[in-house]
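Asker:
Protein chains in written order, with this note's numbering: chain S, 3 to 362; chain E, 4 to 128.
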């Protein structure tokens, strides 16, 4: 299959990005270096191309009922222009994908992970009843994330939409640099900011306008590498690492989006059963006590006993130490629990800590 | 991409500079660029003996970890302890302050198994 390019591909090259294939796209993994990019987002503002993500439009009189069955959060609670973090589960409670659900006046939009796009499409359309139409608009849209303490000031220079009136996890439509778009107060970095969704053909214009507007704040483009370290410092889940078809949302710490009382949905009875039996493991955040770095699939021990595994790990640019997420047995999941991560035949002590790892 | 002419290279992206029977070892400019920001380097103790292409340490970048391989056999006589506190030297100056270990060679003929600058340039092209 041919590897796709987003509308920003030529710009990535111009900004000397190191480009890798990710989920079927040529994407920038880094520009000037992950640590520098990470710190730029925490201290000022950064611009991310996240156009590889998928967008599905859901329409029809039964759209709400359909999404209520398909996703685990309570779609009926959404007001027009509101956004909801949610997930789709299999019948056995395993996770198909995590996603955002947007409610608009006459339709919904789902934003899904690039790597899961086809699987999600197949799963959703398979369950869509006759009164619902779904459209995959992923190839028509560009998606940029502008994130950081100066992100809102940067964006406000280009739009009449009063950004301070848009609350976290709400969206609005309006013009940015004259281009009609969706301005969504969301992101996956833990910083204030917006995600902008607009017609692919304006990609370069919008990027250049944002880079120009952010110049006074030393805006920089940010690659997928820093996107990963930023989300990890917040303990946000990454599908394929921290959640997948073998993990249920409760053990993944996503109980806050799992609305077991909203009525039936796909996976509900399995999740209820797991809850009644008592969760056997929990996704925790831990910090390493020595200078070492946990990586995906490293084993976690309590004394000599293997009690779990690492799902994500990195050097934290803000805390300047090794941090990670992983599933551990229920008895080792409390804050302050002393565990150890096996790193190249030695067991490195670690402590289960409160998350997010990093707080302003 | 810097590939100094006077050095020899491994297939695994280490460089070696030879002075008498002492070989100084580091990783190449290409390797540091591929790894990205280096945050920790685990190096052997002095007096460790190594065979050619033994793993002598590990290098942790933000995204991933890699092994380091000895270009020649011999005994480690010095390690660059500055890298403990400043692993970023490997990114900033891979052929200078980013050097990792010095090996007293016991089989200098092994140098002939390594890549010339020309051959290494072709490999990373």
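A virtual CB, placed ideally from N, CA and C, is assigned to each residue, including glycine. Everything numeric in this text was worked out from a predicted model, so none of it was measured.
List the endpoints of the continuous beta strand (DSSP E) containing residue 336 of chain S.
Answerer: Premise fails: residue 336 of chain S is in no beta strand (DSSP E) and is neither H nor E.
Asker: Where does the unbroken alpha helix (DSSP H) through residue 54 of chain S begin, and where does it stop?
Answerer: Careful: residue 54 of chain S lies outside any alpha helix (DSSP H) and carries neither H nor E.
Asker: Expressed to the nearest angstrom, what Euclidean distance is found between the alpha-carbon atoms of residue 328 of chain S and residue 179 of chain S?
Answerer: Approximately 43 Å, taken between the alpha carbons.
Asker: Measuring straight from C-alpha to C-alpha, what distance separates residue 28 of chain E and residue 22 of chain E?
Answerer: Cα to Cα, residue 28 of chain E sits roughly 12 Å from residue 22 of chain E.
Asker: At the 8 Å Cβ level, is residue 317 of chain S part of the contact set with chain E, yes or no?
Answerer: Yes, contact with chain E.
Asker: Okay, do the stretch 36 to 55 of chain S and the stretch 240 to 258 of chain S touch, 3+ Cβ pairs below 8 Å being the bar?
Answerer: No: fewer than three Cβ pairs fall under 8 Å.
Asker: Which class does residue 102 of chain E belong to by DSSP, given the choice of helix, strand or coil?
Answerer: Residue 102 of chain E falls in the coil class under three-state DSSP.
Asker: Which one of S:86, S:321, S:60, S:141 has the shortest CA to CA distance from residue 189 of chain S?
Answerer: Checked all of S:86, S:321, S:60, S:141; the closest Cα to residue 189 of chain S is S:86.
Asker: What does the Cβ neighbour count give for residue 321 of chain S, buried or exposed, with the cut at 16 atoms within 10 Å?
Answerer: Classification for residue 321 of chain S: exposed.
Asker: Can you give the Cα-Cα distance for residue 38 of chain E and residue 64 of chain E, rounded to whole angstroms?
Answerer: Answer to the nearest angstrom: the Cα atoms are 6 Å apart.
Asker: Under three-state DSSP, which class holds residue 224 of chain S?
Answerer: Reduced to three states, the DSSP call for residue 224 of chain S is strand.
Asker: Can you check which of these residues, S:319, S:338, S:354, S:281, is closest to residue 312 of chain S by C-alpha distance?
Answerer: Of the listed residues, the one whose Cα sits closest to residue 312 of chain S is S:354.
Asker: Pair every Cβ in the stretch 257 to 266 of chain S with every Cβ in the stretch 95 to 115 of chain E, then say whether three or more of these pairs are closer than 8 Å.
Answerer: No, the stretch 257 to 266 of chain S is not in contact with the stretch 95 to 115 of chain E.
Asker: Kindly indicate if chain E contains any beta-carbon less than 8 Å away from that of residue 293 of chain S.
Answerer: With 8 Å as the cut-off, residue 293 of chain S counts as an interface residue toward chain E.
Asker: Counting only beta-carbon separations shorter than 8 Å, does residue 221 of chain S have a partner in chain E?
Answerer: It does not; no Cβ of chain E falls within 8 Å.
Asker: If you drop the 5 nearest sequence neighbours on each side, which residues of the same chain put their C-beta closer than 6 Å to that of residue 48 of chain E?
Answerer: Once the five neighbours on either side are set aside, residue 48 of chain E has no close Cβ partner at all.
Asker: If the cut is a Cβ gap below 9 Å, which residues of chain E does residue 36 of chain S touch?
Answerer: Those are 39, 40, 64, 65, 66, listed as they occur along chain E.
Asker: Output, in sequence order along the chain, the residues in the stretch 24 to 53 of chain E whose CB is closer than 9 Å to any CB in chain S.
Answerer: Hits within the stretch, in order: 36, 37, 39, 40, 42, 43, 45.
Asker: Please check the pair residue 196 of chain S and residue 185 of chain S, which I expect to be a contact at CB under 8 Å, by giving their CB distance rounded to whole angstroms.
Answerer: Contact holds; Cβ gap of about 5 Å.
Asker: Taking just the CA atoms, how far does residue 101 of chain S sit from residue 316 of chain S?
Answerer: Approximately 24 Å, taken between the alpha carbons.
Asker: Mind pulling the chain E residues with CB within less than 7 Å of residue 346 of chain S?
Answerer: Result: 61.
Asker: Can you name the residues of chain E whose CB is closer than 7 Å to the CB of residue 297 of chain S?
Answerer: Going along chain E in sequence order, the residues near residue 297 of chain S (Cβ under 7 Å) are 68.
Asker: I need the DSSP call for residue 284 of chain S, collapsed to helix, strand or coil.
Answerer: It is a strand residue.
Asker: Along the chain, where does the alpha helix (DSSP H) that runs through residue 29 of chain E open and close?
Answerer: Premise fails: residue 29 of chain E lies in the beta strand (DSSP E), 25 to 30, not in any alpha helix (DSSP H).
Asker: 8 Å is my cut-off, CB to CB: does residue 70 of chain S come that close to chain E?
Answerer: False, the Cβ-Cβ gap to chain E never drops below 8 Å.
Asker: Does chain E have any CB closer than 8 Å to the CB of residue 120 of chain S?
Answerer: For residue 120 of chain S, the answer is no, since every Cβ of chain E falls outside 8 Å of its Cβ.
Asker: Select from S:132, S:128, S:58 the residue whose C-alpha is nearest the C-alpha of residue 104 of chain S.
Answerer: Per the Cα distances, S:58.
Asker: Along the stretch 228 to 262 of chain S, where does the CB come closer than 9 Å to a CB of chain E? Name the residues.
Answerer: Cβ contacts with chain E come from 228, 230, 231.
Asker: So, for residue 277 of chain S: in the same chain, excluding its five sequence neighbours on each side, which residues have a beta-carbon less than 8 Å away from its beta-carbon?
Answerer: Counting only Cβ-Cβ distances below 8 Å, and skipping sequence neighbours, we find 252, 262.
Asker: If you draw a straight line from the C-alpha of residue 376 of chain S to the C-alpha of residue 34 of chain E, how long is it?
Answerer: The first residue shown for chain S is 3 and the last is 362, placing residue 376 of chain S beyond what the model contains.
Asker: Between the C-alpha atoms of residue 83 of chain E and residue 41 of chain E, what's the straight-line distance to the nearest angstrom?
Answerer: If you take the alpha carbons of residue 83 of chain E and residue 41 of chain E, they lie about 15 Å apart.
Asker: Count the C-beta pairs between the stretch 152 to 161 of chain S and the stretch 213 to 227 of chain S that are closer than 8 Å, then say yes if the count reaches three, no if not.
Answerer: Yes: at least three Cβ pairs fall under 8 Å.
Asker: Drop a sphere of 10 angstroms on the beta-carbon of residue 81 of chain S, count the other beta-carbons inside from all chains shown, and report buried for 16 or more, exposed for fewer.
Answerer: Per the 10 Å Cβ criterion, exposed.
Asker: Using alpha carbons as the reference points, say which of E:26, E:11, E:44, E:6 lies closest to residue 91 of chain E.
Answerer: Of the listed residues, the one whose Cα sits closest to residue 91 of chain E is E:44.
Asker: Do residue 66 of chain S and residue 268 of chain S count as a contact pair if the criterion is CB distance below 8 Å?
Answerer: No, the Cβ-Cβ distance between residue 268 of chain S and residue 66 of chain S is not below 8 Å.
Asker: Using a cut-off of 8 Å between C-beta atoms, extract the partners of residue 149 of chain S located in chain E.
Answerer: None at all; the shortest Cβ gap to chain E is about 18 Å.
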